[in-house]
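Q: Got a structure here, written out as structure tokens. Questions coming.
2 protein chains.
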Amino acid sequence: MATVETSIACCAPLAAPVLNDEEALATAELFKALADPARVRIVNALATSAEAVCACEFEPALGLSQPTVSHHLKKLTDAGLLEREQRGKWAYFSLKRDAVKKLATVADLKGVCC
Amino acid sequence: MATVETSIACCAPLAAPVLNDEEALATAELFKALADPARVRIVNALATSAEAVCACEFEPALGLSQPTVSHHLKKLTDAGLLEREQRGKWAYFSLKRDAVKKLATVADLKGVCC
Chain H
1 MATVETSIAC CAPLAAPVLN DEEALATAEL FKALADPARV RIVNALATSA EAVCACEFEP
61 ALGLSQPTVS HHLKKLTDAG LLEREQRGKW AYFSLKRDAV KKLATVADLK GVCC
Chain X
115 MATVETSIAC CAPLAAPVLN DEEALATAEL FKALADPARV RIVNALATSA EAVCACEFEP
175 ALGLSQPTVS HHLKKLTDAG LLEREQRGKW AYFSLKRDAV KKLATVADLK GVCC
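Chains as they are written, first to last, in the numbering used here: chain H, 1 to 114; chain X, 115 to 228.
Structural data, given as structure tokens:
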């Protein structure tokens, strides 16, 4: 099975000494995955939860329909930020540990410029 | 004169214990400002430059027309990420020190979840 290349896997830090076209695109795609208030709230909910969260919990929390919640969860998962686990009828989501580390690195310009 | 509220001024960390609607929106807007490969390259160029960079330098570097470069620089400046300084005919840009610190904080989930 082919490996799916996610944005998080291919992106480069904003502060990278050299940034090629593919890395700039992947980094932009990663930020794009987070460029929506509902997705910011989902990541925030997962960051502040001790356990994986059922997709069903986001509907009332965000006041959105199930298809809309599924769309947002898919965008975040495709970007490589979330881990998806099927438990019976529902999918449970958590933040990917590696992705969290990489996101922090990508957005950190402190050491380089200021 | 009214204070312009930038995304960077109003956003909240992805890991914030509580995130209200306005903060989620501002955080998403901040990521949206970075959700474009040309803007990622501009921020990268500014991060790796010791001095402010003339808008005129981005046209050949990015292979984009002047209006397109101006559009991207405006988006980043409006989000509160860049400082703009007029020197004669040209505008010079640099990263805002406060914004750089805040961006790193916003995207850092390491301490909270993993």
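Backbone N, C-alpha and C fix where the C-beta goes; we use that ideal spot for every residue, glycine too.
Note that the coordinates shown come from a computational prediction; the quantities given were computed from them, not determined experimentally.
With a threshold of 8 Å between beta carbons, is H:Leu103 in contact with chain X?
A: Counting from 1 along the first sequence, the entry for residue 103 of chain H is found at position 103. Closer than 8 Å to some Cβ of chain X, the Cβ of H:Leu103 qualifies, so yes.
Q: Check whether chain X comes within 8 Å of H:Leu82, counting only Cβ atoms and requiring the distance to be less than that.
A: Residue mapping note: residue 82 of chain H aligns to position 82 of the first sequence, counting from 1. So, not an interface residue.
Q: Can you list, in chain order, the residues of its chain with a C-beta nearer than 6 Å to that of H:Glu83? Leave out the 5 residues immediately preceding and following it.
A: Within the first sequence, residue 83 of chain H is the residue found at index 83, counting from 1. Taken in chain order, the residues that qualify are Ser94 and Lys96.
Q: Please determine, among X:Ala149, X:Phe172 and X:Pro131, the residue with the shortest C-alpha to C-alpha distance to X:Leu160.
A: On the second sequence, residue 160 of chain X is found 46 positions in, with the first residue counted as 1. When each option's Cα is compared against that of X:Leu160, the closest is X:Phe172.
Q: Under 8 Å between beta-carbons, which chain X residues line up against H:Leu64? List them in chain order, please.
A: Locating residue 64 of chain H in the first sequence gives position 64, where the first residue counts as 1. Residues of chain X passing the Cβ test: none, with the nearest at roughly 13 Å.
Q: So, is the C-beta of X:Lys224 closer than 8 Å to a C-beta in chain H?
A: In the second sequence, the residue the question calls residue 224 of chain X occupies position 110. Chain H contact via Cβ: present.
Q: Mind checking which residues open and close the alpha helix (DSSP H) that includes H:Ala9?
A: Mapped onto the first sequence, residue 9 of chain H falls at position 9. Per DSSP, H:Ala9 belongs to the alpha helix (DSSP H) from Ser7 to Cys10.
Q: What residues from chain H crowd round X:Leu190, counting only those whose CB sits closer than 9 Å?
A: Against the second sequence, residue 190 of chain X aligns to sequence position 76. Within 9 Å Cβ-Cβ: nothing; X:Leu190 doesn't reach chain H, min ~11 Å.
Q: Strictly below 9 Å CB to CB, what residues from chain H border X:Phe172?
A: Position 58 of the second sequence, counted from the first residue, corresponds to residue 172 of chain X. Ordered by position in chain H, no residue passes the 9 Å Cβ test against X:Phe172, which lies about 13 Å from the chain.
Q: Is X:Val154 near H:Ala107, with beta carbons less than 8 Å apart?
A: As a first step, residue 154 of chain X must be located in the second sequence, where it is residue number 40. As a first step, residue 107 of chain H must be located in the first sequence, where it is residue number 107. No. Outside cutoff.
Q: Express the C-alpha separation of H:Pro37 and X:Thr162 in angstroms, rounding to a whole number.
A: For the purposes of this step, residue 162 of chain X is taken as the residue at position 48 of the second sequence. For the purposes of this step, residue 37 of chain H is taken as the residue at position 37 of the first sequence. One C-alpha to the other measures close to 30 Å.
Q: When the Cα atoms are used, what is the spatial distance from H:Glu85 to H:Val53?
A: Walking along the first sequence from the start, residue 85 of chain H turns up at place 85. Walking along the first sequence from the start, residue 53 of chain H turns up at place 53. Cα to Cα, H:Glu85 sits roughly 10 Å from H:Val53.
Q: Report the three-state DSSP secondary structure of X:Ala205 (helix, strand or coil).
A: Start at 1 with the first residue of the second sequence, and residue 205 of chain X comes out as number 91. Residue state, collapsed to three classes: strand.
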